[in-house]
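The sequence shown begins at 83 in the numbering used here and counts up one residue at a time.
Glycine included, each C-beta is placed from N, C-alpha and C at the ideal position.
What follows is a set of notes on a single structure, which appears directly below.
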Amino acid sequence: MLRLAADLHIHTVLSPCASRAMTPAAIVREAAARGVEVIAVCDHNTAGNVTAVAAAAARMDRGPFVIAGIEITTSEEVHVLGYFPSAESAVEAGRAVTERLPLWRPLTSRTASVSRGPREPDQQIVDAEGNVTGIEERMLAAASPYSLSETVDLIHSCGGLAIAAHMDRRSFSVPGQLGFLPPDVPFDGLEISAAGVSRGCEREFACHGITLISSSDSHFPTEIGTGITALDVESMSFDELALALRGSCGRGCAIA
Ligand SMILES: [Zn+2]
Ligand SMILES: [Zn+2]
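Set out below in structure tokens:
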């Protein structure tokens, strides 16, 4: 059995709140430099840069294993992480969310010319080298129309695993937005932020009987690896991650 260091919540330049420095090459380089062996790319409401990060990792000598992910904002403004068996399934889930978001800016010629201006656009879809190949026109920071339970169902219907993000935070978390953890929503894991782990918050959430993980929720390269989950797996694959989250067949995971 291997024990791998995983940081399963990393944003790229596609997230409107992330640094422009979060290019595929920078993410995989920082992860490798910090001893992070598994990463999950989780942009807000889209999986548009997952393939580029995976390609950047594949070009590296001993690059991190990349899990295709997303961070969906539900209609209650709860953040839910999805991890998927392939980039295609992540993109499928992302497309279902993105197409129901409002447009980021009105597509009239007047506002388009004003807003584009000399500044580089946000919400960049990039290739493995960081070249901008497109701009996401939907407002990725907006809440989707999917409720919490519909979001978890959407992730599961695309073959994914659903994790309630940063449970210890007051905003955009299940407890922060709803005041409780609905017992009928089948989460595959609960994420505690790195700051929450440093305050011992994971003890508060152990009573739910759902696997706990911790990740960095990186928006800047220097944050990568500041929250780590140790995965005990036979090798690294999505199926092994699923077993580790379930604690099945000798696999497991623990907040490191
Ligand atoms: Zn979040
Ligand atoms: Zn996030």
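Leaving out five residues on either side along the sequence, give the residues of the same chain with a beta carbon under 8 Å from the beta carbon of residue i.
| i | result |
| --- | --- |
| Phe-254 | Thr-155, Glu-159, Val-160, His-161, Ala-247 and His-248 |
| Leu-260 | Glu-158, Val-160 and Leu-230 |
| Ser-101 | Val-95, His-301, Phe-302 and Pro-303 |
Can you round the beta-carbon distance between residue i and residue j to whole angstroms, since I take them to be within the 8 Å contact cut?
| i | j | result |
| --- | --- | --- |
| Val-135 | Gln-206 | Wrong, their Cβ atoms sit about 13 Å apart, outside the cutoff. |
| Ile-274 | Ile-337 | 7 Å |
| Pro-98 | Phe-320 | In fact, because the Cβ distance is near 27 Å, the residues do not count as touching under 8 Å. |
| Ile-295 | Cys-240 | Ile-295 to Cys-240, Cβ: 20 Å. No contact. |
| Val-208 | Asn-127 | With a Cβ gap of about 17 Å, Val-208 and Asn-127 do not count as contacting. |
| Gly-164 | Ala-244 | 6 Å |
| Ala-169 | Val-132 | 5 Å |
| Ala-138 | Ala-107 | 5 Å |
Along the chain, where does the alpha helix (DSSP H) that runs through residue i open and close?
| i | result |
| --- | --- |
| Phe-320 | 320–328 |
| Leu-206 | In the sequence as displayed, the identity of residue 206 is Gln instead of Leu. Element bounds for Gln-206: not the alpha helix (DSSP H) but the beta strand (DSSP E), 206–208. |
| Gly-258 | 256–260 |
| Glu-112 | 106–115 |
| Thr-133 | 132–141 |
Which residues bound the beta strand (DSSP E) around residue i?
| i | result |
| --- | --- |
| Gly-216 | 214–217 |
| Glu-273 | 271–275 |
| Ala-122 | 120–123 |
| Arg-85 | 84–92 |
Grab me the residues of residue i's own chain with a C-beta within less than 7 Å of its C-beta, minus the 5 sequence neighbours each way, in chain order.
| i | result |
| --- | --- |
| Val-267 | Leu-230, Ser-231 and Val-234 |
| Thr-105 | Val-95, Val-208 and Gly-212 |
| Gly-329 | Thr-293 |
| Ala-324 | Leu-243 |
What are the residues that DSSP puts in a beta bridge with residue i?
| i | result |
| --- | --- |
| Tyr-165 | Gly-151 and Leu-243 |
| Gly-334 | Asp-314 |
| His-126 | Glu-153 |
| Leu-185 | Arg-220 |
Can you give me the Cβ contacts of residue i inside the same chain, cut-off strictly under 6 Å, excluding the 5 residues immediately before and after it?
| i | result |
| --- | --- |
| Phe-147 | Val-120 and Met-318 |
| Val-315 | Leu-84, Glu-322, Ala-326 and Arg-333 |
| Gly-307 | Asp-89, Arg-116 and Val-118 |
| Ile-149 | Ala-122 and Tyr-165 |
| Ala-113 | Ile-121, Pro-146 and Ile-306 |
field: Every unbroken alpha helix (DSSP H) inside the region 278–310 [4 residues or more]
entry: 284–287
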